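Asks: The following block contains the structure, expressed as structure tokens.
Residue numbers (mature numbering (1 follows the signal peptide of the UniProt record, and there is no 0)): -27 to -1, 1 to 650.
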């Protein structure tokens, strides 16, 4: 996906990520499989995911403050604890500290001090509400919305990205926004009672916000704001459409904006955002921008001011008194994610510091938890996977030699970033005040947006990272043609240096392969080796590729994670291609690593069997139904069990390893297996 650096505009992301990686693979006497998690009563031939994880699934209870729980969450918890130790040292000496150390300490301590937040009441937010009250014209509204693009108040979001067709230059881009519920389907789906429950919870929450804003008829105010959002939802593109970069590349000059989206004062909006004269603006969803501009012009100014107040309070609720914090959790946590209690306040504070001063904390994190040898080992592993991918491209039967040359040229230009950036971000201009939780939150968001705004029309900095080192994730960026693996993901349980190579290749190797494969999925494959949106395919090859993709769409659309709710095979196509291809290339890399030697049998399992069980073990997770509903509507990734099983059923190596046959639940005839990269 595209790494949207304005977090509120991050909905699309062509970043296509969610992966992992870590150090080089060395043989070891133990398998690395969690035998206590496996279910011996389930045959891998029938359900690989439950064979590897069945006992864990039965005995694991999702913690009350979590919407899901599994390998990614466990590693994220570990990272948060490590960061907490660093931050609390800064907080303990904040009053005598200087510079970054003081910024970190005061940000954490102020957010953690809920007693002081409660004593302050709504006083810190009243000047901000008064600013909304002062809006007296459509132009003043446009200017105000521009000043709020660092939050979620503006229906028209702004971000800064590399120009899709000229990726050496940063451009301003618009993004559809304005919704308090997770996605358009929550407003428009009248058949699913779960969506109706979410709408009811949202109206209750809007009522609480309206009461805090001083509205005498909070229920009626909530309905007015909801009505605006429903109109916006009708204009939103469906999530699957957001994966097509060609549809989303619609550059316009500022002079052209009033004609393309009339009724909105674009000059005031861009001036308010601090981007008064961009050379070009990429309209990511042009029909939404046109419709939103019309709504902003036609709907009463009083309704838009009310909308702005309620969204402002929602944004700032974590730094406001207990009644609003509780209401914020009741909606965002319980109703939408199914969690039964909020995250511990220390963990919320850690995440606020990470949001405000992420690379500052990351620099300290890396010094303690990511020694240089880890980076060197990881680079060797990634290069091994890239070599296997190169071999895979050479062996494609469905691609012509002409396109194969272009694919190899793109792969050869991949940039690899491991652990942490070479140059750390400067936070010296960020004002942090002791005891000012709300102000610190606002100033941090504005500071980051100002940093983004300064990049508009400037040369792209290829050294920049879209994630902090302490983030448990990874990504592929198509405009930079790069794969990025932060330090926090490069450790157990995804990679165990003392475990057998087979499990490590099946787990971390497959996810590295996943990230590599994103450059060749349905979206990433539209960018060339220099990161430019360009068709480098012959027509026949693209048709063959799309036909394979359609078969994958059909496979995943047949899965039903919730009763009456199927997977969206179009939305998840890119991630499913990356899972399938990543597993294929990791298996080739594993077999290649053996040379002429046979893999040892460990715990009665062959090397190939351990490889696929390691793959399934990496996706171990349990998810609450409410969270699953949200992810099915918004997430380009399939639920973990379908990632584990859906890729394996298409893999010849899986069927060979477990001697599957007709009648097994995971049997798929050889001529029906989908082989892409």
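Where a beta carbon is used, it is the ideal one built from N, C-alpha and C, also for glycine.
Remember, it's a predicted structure, so these values are computed and weren't measured experimentally.
(1) At 4 residues or longer, what runs of the alpha helix (DSSP H) sit wholly inside the segment 182 to 239?
(2) Hey, quick one: how far does the alpha helix (DSSP H) through residue 499 stretch, first residue to last?
(3) From residue 605 to residue 402, what distance separates their C-alpha atoms?
(4) Pull up the distance between the alpha-carbon of residue 651 and that of residue 204, whole angstroms please.
(5) For the alpha helix (DSSP H) containing residue 622, list its first residue and its last residue.
(6) State buried or exposed for residue 378, treating a residue as buried only when at least 16 other CB atoms are found within 10 Å of its CB.
(7) Going by C-alpha to C-alpha distance, which of 20, 396 and 26 sits closest to residue 9?
(8) Buried or exposed for residue 636, please, with buried defined as at least 16 other CB atoms from any protein chain shown within 10 angstroms of its CB.
(9) For residue 404, name the three-state secondary structure that DSSP assigns.
(10) Could you check which residue in 23, 121, 585 and 92 has the C-alpha nearest to that of residue 105?
(11) What separation, rounded to the nearest whole angstrom, lies between the Cα atoms of residue 43 and residue 77?
(12) Can you check the segment 374 to 421 for any alpha helix (DSSP H) of at least 4 residues that lies completely inside it and give the ranges in chain order?
(13) Pull up the distance between the alpha-carbon of residue 644 and that of residue 542, whole angstroms please.
(14) Measure the beta-carbon distance from residue 283 to residue 290 and round it to whole angstroms, keeping in mind my assumption that it falls under 8 Å.
(15) Can you find the residues in the same chain that come closer than 6 Å, C-beta to C-beta, to residue 235, ignoring five residues on each side of it along the sequence?
(16) Could you check what DSSP says for residue -16 in three-state terms: helix, strand or coil?
(17) Just tell me which of 487, 241 and 185 has its CA closest to the CA of residue 110.
(18) For residue 478 and residue 584, what's the separation of their Cα atoms in angstroms?
(19) Using only the alpha-carbon positions, how far apart do residue -7 and residue 198 sit?
(20) According to DSSP, which residues form a beta bridge with residue 19?
(21) Check whether the segment 53 to 65 touches the segment 621 to 629, counting contact only when three or more Cβ pairs, one atom from each stretch, lie closer than 8 Å.
(22) Would you please state the rounded distance, in angstroms, between the beta carbons of residue 488 and residue 461? I believe it to be under 8 Å.
(23) Between which two residues does the alpha helix (DSSP H) containing residue 319 stretch?
(24) Taking C-beta to C-beta, are residue 411 and residue 98 nearer than 8 Å?
(25) Is there contact here, the segment 375 to 391 with the segment 501 to 521, by at least three beta-carbon pairs under 8 Å?
(26) Does the beta-carbon of residue 582 have 16 or more other beta-carbons within 10 angstroms, so that it is buried, or is it exposed?
(27) Measure the alpha-carbon distance for residue 421 versus residue 133 and round it to whole angstroms.
(28) Give me the Cα-Cα distance between residue 611 and residue 549, rounded to the nearest whole angstrom.
(29) Using the C-alpha atoms, what's the distance from residue 424 back to residue 656?
(30) Since residue 599 and residue 311 should fall inside the 8 Å C-beta cutoff, what is the C-beta to C-beta distance between them, to a whole number of angstroms?
(31) So for residue 137, helix, strand or coil by DSSP?
(32) Is the separation between the beta-carbon of residue 476 and that of residue 6 shorter than 8 Å?
(33) Going by DSSP, what residues sit across from residue 637 in a beta bridge?
(34) Can you tell me whether residue 149 is helix, strand or coil according to DSSP?
(35) Rounded to a whole number of angstroms, what is the C-alpha to C-alpha distance between residue 172 and residue 591?
(36) Hey, is the segment 215 to 227 in contact with the segment 257 to 273, meaning 3+ C-beta pairs nearer than 8 Å?
Replies: On the basis of the coordinates in this document:
(1) 191 to 208, 218 to 221 and 230 to 233
(2) Here residue 499 belongs to no alpha helix (DSSP H), and DSSP marks it neither H nor E.
(3) 40 Å
(4) This structure does not reach residue 651, given that the chain is present from -27 up to 650, and the question cannot be answered.
(5) Element bounds for residue 622: n/a, residue is neither H nor E.
(6) exposed
(7) 26
(8) exposed
(9) coil
(10) 121
(11) 29 Å
(12) 374 to 385
(13) 21 Å
(14) Not quite, the Cβ-Cβ distance comes to about 11 Å (not below 8 Å), so this is no contact.
(15) none
(16) Only weak support exists for where residue -16 lies, its pLDDT of 27 falling under 50; the value from the coordinates is given anyway. Residue state, collapsed to three classes: coil.
(17) 241
(18) 7 Å
(19) Reliability of the predicted coordinates at residue -7 is poor, the pLDDT of 32 falling under 50, and the value obtained from them is presented with this limitation in mind. Whole-angstrom Cα-Cα distance: 44 Å.
(20) None, per the DSSP bridge assignment.
(21) no
(22) Residue 488 to residue 461, Cβ: 15 Å. No contact.
(23) 318 to 342
(24) yes
(25) yes
(26) buried
(27) 11 Å
(28) 7 Å
(29) No statement about residue 656 is possible, as the shown extent of the chain runs from -27 to 650 and does not include it.
(30) 3 Å
(31) coil
(32) yes
(33) 635
(34) strand
(35) 35 Å
(36) yes
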